[in-house]
Amino acid sequence: MNSAVGSRAATFRIIMLIAATGVLMGTVFSGGMMEIARSGVFYPEKFSFAHIMLIFLAVMITDVILLDTFNTIGFPTSTTVSLVFELLGAAVAIAVIQISQGDQAGMLGDYINSGKA
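If you use this note's numbering, the sequence shown closes out at 433, no skipped numbers anywhere.
Structure follows, in structure tokens:
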């Protein structure tokens, strides 16, 4: 909304109506993505505590950079979608490293929760 208000793309009332409609539609139709975020993207029992902390640190840093960049440019962003895919990317990266180092035997599917995909 800041981009729309700052650029005076429309009146404040129109911008608020569009934003309110978007929020309402998001709450009605986002059940699937929220369920994925709630039920888990990866299996934490397959990772050590240090790897879990590394995944969450990578997600936090990536989220700050991604959302700041998108907001600066004026692109619309979805924090839920960005968090889910950041978690997925970080978990896949750590799982691939674990598999390649032979720390734990297994396939990539053993690390990633694909039950809701």
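Glycine included, each C-beta is placed from N, C-alpha and C at the ideal position.
Check whether the Cβ atoms of residue i and residue j sit closer than 9 Å, and answer yes or no.
i	j	result
A407	I371	yes
V357	L424	no
L373	S398	no
I331	V344	no
Taking only the alpha-carbon atoms, compute the straight-line gap between residue i and residue j and give it to the nearest angstrom.
i	j	result
T393	A409	23 Å
R329	A336	10 Å
S416	L340	45 Å
D379	A366	20 Å
V400	Q414	21 Å
A326	F386	20 Å
L333	D384	24 Å
S323	I368	41 Å
G338	S364	39 Å
G422	T396	29 Å
E361	T388	38 Å
For residue i, which residues of its own chain have a beta-carbon under 8 Å away from its beta-carbon, when the five flanking residues on both sides are left out?
i	result
S359	For the record, residue 359 in the displayed sequence is Tyr; it is not Ser. Answer for Y359: D426, Y427, I428 and N429, listed in chain order.
Using a 10 Å radius around the Cβ and a threshold of 16 neighbouring Cβ atoms, would you call residue i buried or exposed?
i	result
V412	exposed
Whose C-beta lies closer than 6 Å to the C-beta of residue i among residues of the same chain, with five residues either side of it excluded?
i	result
V375	E402, L403 and A406
Using a C-beta cutoff of 9 Å, does residue i count as contacting chain B?
i	result
L399	Protein chains in the displayed structure number just one, and chain B is not present.
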